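Below is one structure, written out as structure tokens; comments come after it.
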Amino acid sequence: MAARIALKRALPSTRSAFTHSPQQPPRFITRPFSASLPSLAPNPNPSTSASSSPSSSSTSSSSAPDYAIPDPTRPTHFGYETVTEGEKRERVAGVFTSVAESYDRMNDLMSFGWHRVWKDHFVASLNPGFSPLTPGPDPRGPQHILDIAGGTGDIAFRMLHTAHVVNANPAVRVTISDINRAMLTVGKQRSTTLPASQQASLSFVEANAENLSQTRPLHPYPSPIEPTTHDAHGNTEQAFFDPATSTASIPSASVDLYTVAFGIRNFSNIPAALREAYRVLKPGGVFACLEFSKADAHPVFNALYKEWSFRAIPLIGQLVAADRDSYQYLVESIERFPSQAEFRDMIVDAGFVVAGDGWEDLTGGVAAIHKGMKPRA
Amino acid sequence: MACLARAETTPRILIGPLRRSSRFVCLSSRESTSITIPTARTISTRPQYPRQQQPLRPLPRSPVTPATTFRTYHSHDHPPPPGPFTPAETALLCAAYIHVPRHGFTAEALARGARDAGLLDISPSVLPGGESGGAFRLICWHLYTQRTALGGKVGGLTGDAGSPITNVADKVEALAWERLKGNAEAGVVGRWQEALAVMAHPSYAPTSVKELAQLADEILYLAGDSSVDPSWYSKRASLSAIYAAAELFQTTDQSPDFRETRAFLRRRLQEAARMGGAVRSISEWIGFNAGAAVNVLRSKGVRI
């Protein structure tokens, strides 16, 4: 409840930012991207992509296959449309900027509140902060959890609670990272209701999950000073993180647990993000992903679920958030996301090892938890 | 020609869904082309969900060991399927299993095992399942390794007098006892009540029951049971029940070398054999009398 009050307090300023947005369509800096399901077709414009992708060298390596190397001109999908990489990033940014303030309310309405059960289960199954009862602290240092696409902090706050309260391990740090500053700002506002010790263990970082070597601490959006600032092209400050302004990075082998909940299907290049997760994790570190998936195993239930998602969710979005298109994108992107086994294979391709099937279905497969471990070198 | 005649009398039926494929319709196509009736597709009021498009590029494939290779039969001709544990999981569970006698089937044992294996405290959370998923996986590991170890023990089975066992019933008893001794040798008897509590958890119960069924099947297969009638099921069901009861008895057994457990197991198996004989006799009696009754009725002129 307190979180909701804090969120309401944050809303007027956020809302005014949208109403005072520039009239001309915003121009975005072209930056390297590639598709989650890129085509085998030759790149139509290889020279421009090479010249405009200064950061691709950091994610690409000799072992990375072509599809895991960001490429701005490669086609990908945005819902059921086929768009180019950079366009998808722009449009996903637009979707989440426009839904940031109603995000939590909409989640409750769309899933009948069940997303809370999924998230609780997700965090409980990871059991962050658990440490065997040995004299002295863990010789490998305190745990560091990186919550990618953490946005409004749902997962990160639960992680902190489990680690600090349930497992009584105050040494656990959580970093919330998101490419979208509007979402991250809502999360920052919500975090002010946490106990001070938990707030002290939280940090907010703007980053693109496909390249975690370029980050910067959160500059709240809209911030009192920044809406007037301009980037190199003379455009006003964007709602999403611009890698040209990066001041920090997440070093390799520095993270114990990498989580991404309901975020990975929005990435332009999922293989690149998985490789980046592999890079930042310590050997033995765990990659955990909570994401919508396929309920194909139960045909009747699946039919009802499809009816609900294609008919009701865009309508609820229209009525509650006044934004039908964003929620239409949401259900289409769920439909386009790979099945459990395909996504498990993508995780294995990035170098992770899995246990058992590699995933766990929730609610008959509407959502699924995928986990992978970075093996010891 | 009969086909064509029929088509002319009922042209409307033919226009919709049949038009593309049927030879029947080809004959009538000249007559029916001028009639336009909306096809099922155009008059549909259902929302047309766009079909899932083919991925622009085939997804990368890798030789992932399918963990669900479960076979419900034994084969002499095909190698056994790989176990349900991936190599990384095996390494982690092996390391954690050493800590079970002292710390039980718990997250504590898993975390200590992970440290021994050079991994992190968080590493066991990769194991599938919910809150106690790791603990249940450790229990499954115990069940799986003990069950697969039975195959190596079947050759050395000896009776009380030290002579090789040839009787199927005696082999079943000896193998069930070997499996119960496995619990004692692994040092998990003192922790087995906790394990049973986790196994009875509603989300783990189906897997636990399946594992019990596989154990009963393994024992009967190794004992050389070759029944191909309904007793295939009743033997496995009764052995499952007896084994589960004996295992529960074992958790509280204080006698040296679990002598009481062995006596318990033997009594239950004898009871089952007596019960099986009684059921067989009764069903034979009922079958004979039912047949006789039918014949008496037929002799009286009833048409059966």
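As given, the protein sequences belong to chains S and C, one line each in that order.
For the first sequence, position 59 (counting from the first letter as 1) is numbered 58 according to numbering that gives the first Met the number 0, and the numbering increases by one without interruption.
For the second sequence, position 141 (counting from the first letter as 1) is numbered 140 according to numbering that gives the first Met the number 0, and the numbering increases by one without interruption.
No residue lacks a Cβ here, since even glycine has one placed at the ideal position from N, Cα and C.
These figures come from a predicted structure and were not determined experimentally.
With DSSP run on the structure shown, which of helix, strand or coil describes residue i?
i                : result
ASN207 (chain S) : strand
PRO21 (chain S)  : Residue confidence for PRO21 (chain S) is low, a pLDDT of 42 falling below 50, so the modelled location carries little weight; the figure read from the coordinates is stated next. DSSP places PRO21 (chain S) in coil when its eight states are reduced to three.
VAL254 (chain S) : strand
LEU183 (chain S) : helix
ASP344 (chain S) : helix
ILE138 (chain C) : helix
LEU217 (chain S) : coil
ASP146 (chain S) : strand
THR251 (chain C) : coil
ILE175 (chain S) : strand
LEU201 (chain S) : strand
PHE239 (chain S) : strand
VAL227 (chain C) : coil
THR157 (chain C) : strand
PRO163 (chain C) : strand
ALA6 (chain C)   : Since pLDDT at ALA6 (chain C) reaches only 41, below the 50 mark, its modelled position is unreliable, and the value read off the structure follows with that caveat. In this structure, ALA6 (chain C) counts as helix in the three-state DSSP scheme.
VAL165 (chain S) : helix
VAL260 (chain S) : Note that residue 260 (chain S) corresponds to Ala in the displayed sequence, not to Val. Strand.
ALA116 (chain C) : coil
VAL171 (chain C) : helix
ALA276 (chain S) : helix
ALA247 (chain S) : strand
SER237 (chain C) : helix
Please report the straight-line C-alpha distance between residue i and residue j, rounded to a whole angstrom.
i                : j                : result
ARG235 (chain C) : GLY189 (chain C) : 27 Å
LYS118 (chain S) : VAL153 (chain C) : 48 Å
SER267 (chain S) : THR75 (chain S)  : 7 Å
ARG70 (chain C)  : SER332 (chain S) : 36 Å
GLU88 (chain C)  : GLY78 (chain S)  : 36 Å
PRO219 (chain S) : ALA208 (chain S) : 19 Å
ILE269 (chain S) : GLY140 (chain S) : 30 Å
LEU289 (chain S) : ALA272 (chain C) : 52 Å
ALA206 (chain S) : ASP115 (chain C) : 35 Å
TRP140 (chain C) : LEU280 (chain S) : 27 Å
THR258 (chain S) : GLN197 (chain S) : 18 Å
LEU91 (chain C)  : SER122 (chain C) : 9 Å
HIS143 (chain S) : GLN253 (chain C) : 47 Å
GLN213 (chain C) : ALA167 (chain S) : 41 Å
Kindly give me the distance between the Cβ atoms of residue i and residue j, rounded to whole angstroms, as I take these residues to be in contact under 8 Å.
i                : j                : result
LYS373 (chain S) : VAL353 (chain S) : About 11 Å separates the two Cβ atoms, so there is no contact after all.
LEU159 (chain S) : SER200 (chain S) : 6 Å
THR161 (chain S) : ASP103 (chain S) : That belief does not hold up - the Cβ atoms of THR161 (chain S) and ASP103 (chain S) are roughly 20 Å apart, past 8 Å.
LEU221 (chain C) : LEU142 (chain C) : At roughly 16 Å, the Cβ-Cβ gap does not stay under 8 Å, so LEU221 (chain C) and LEU142 (chain C) are not in contact.
ILE218 (chain C) : VAL171 (chain C) : 6 Å
PHE239 (chain S) : ALA92 (chain S)  : 4 Å
GLY336 (chain S) : SER292 (chain S) : Residue 336 (chain S) is actually Phe in this sequence, not Gly. At roughly 7 Å, the Cβ-Cβ gap stays under 8 Å, so PHE336 (chain S) and SER292 (chain S) are in contact.
HIS163 (chain S) : LEU361 (chain S) : About 25 Å separates the two Cβ atoms, so there is no contact after all.
PHE129 (chain S) : ALA106 (chain C) : 6 Å
TYR242 (chain C) : ALA175 (chain C) : 6 Å
What residue range is occupied by the uninterrupted alpha helix (DSSP H) comprising residue i?
i                : result
ILE333 (chain S) : 323-335
LEU110 (chain S) : Looking at the sequence provided, one finds Ser at residue 110 (chain S) rather than Leu. Residues 102-110.
GLU217 (chain C) : 204-221
VAL116 (chain S) : 113-125
HIS102 (chain C) : 99-102
THR89 (chain C)  : 86-96
ASN301 (chain S) : 298-306
ILE315 (chain S) : 312-319
ALA349 (chain S) : Counting along the chain, ALA349 (chain S) falls outside any alpha helix (DSSP H), and DSSP gives it neither H nor E.
LEU126 (chain C) : That residue, LEU126 (chain C), is in no alpha helix (DSSP H); it is neither H nor E in DSSP.
Beta strand (DSSP E) containing residue i: first to last residue?
i                : result
PRO282 (chain S) : 280-291
TRP358 (chain S) : 358-361
ILE285 (chain C) : Note, ILE285 (chain C): premise wrong, no beta strand (DSSP E); alpha helix (DSSP H) at 258-298.
GLY377 (chain S) : Residue numbering for chain S in the displayed model covers 0 to 376; residue 377 (chain S) lies beyond these limits and cannot be assessed.
ASP153 (chain S) : No beta strand (DSSP E) contains ASP153 (chain S), which is instead part of the alpha helix (DSSP H) from 153-160.
HIS76 (chain S)  : 74-77
THR83 (chain S)  : 80-83
Subject >> Residues within the region 357-375 of chain S neighbouring chain C, beta-carbon criterion of under 8 Å >> reply: Per Cβ criterion, the list reads GLY357, TRP358, GLU359, LYS370, GLY371, MET372, PRO374 and ARG375.
**OP:** With 8 Å as the C-beta to C-beta threshold (strictly closer), list the residues of the region 278-307 of chain S near chain C in chain order.
**Re:** Considering only beta carbons, the part of the region 278-307 of chain S lying closer than 8 Å to chain C consists of LYS281, PRO282, GLY283, GLY284, VAL285, ALA287 and LYS305, in chain order.
Original post:
the region 117-128 of chain C: which residues have C-beta closer than 9 Å to a C-beta of chain S, in chain order?
Top reply: Residues of the region 117-128 of chain C whose Cβ lies closer than 9 Å to any Cβ of chain S, in chain order: GLY117, LEU118, LEU119, ASP120, ILE121, SER122, PRO123, SER124, VAL125, LEU126, PRO127 and GLY128.
Subject >> Residues from the region 245-257 of chain S in contact with chain C, defined by Cβ distance under 8 Å >> reply: Taking 8 Å as the Cβ-Cβ cut-off against chain C, the residues of the region 245-257 of chain S that qualify are ASP255 and LEU256.
Original post:
Between the region 103-122 of chain S and chain C, which residues of the former have CB atoms less than 7 Å from a CB of the latter, in chain order?
Top reply: For the region 103-122 of chain S, the set of residues with a beta-carbon nearer than 7 Å to any beta-carbon of chain C comprises HIS120, in chain order.
Original post:
For the region 76-89 of chain C, which residues have a CB atom closer than 8 Å to at least one CB atom of chain S, in sequence order?
Top reply: Answer in chain order: PRO83, PHE84, THR85, PRO86, ALA87 and GLU88.
Original post:
What are the residues of the region 225-236 of chain C that lie near chain S, defined by any Cβ-Cβ distance shorter than 7 Å?
Top reply: So the list is empty, because no residue satisfies the distance condition.
**OP:** With 7 Å as the C-beta to C-beta threshold (strictly closer), list the residues of the region 95-106 of chain C near chain S in chain order.
**Re:** Those residues of the region 95-106 of chain C placed with their C-beta closer than 7 Å to a C-beta in chain S are ALA106, ordered along the chain.
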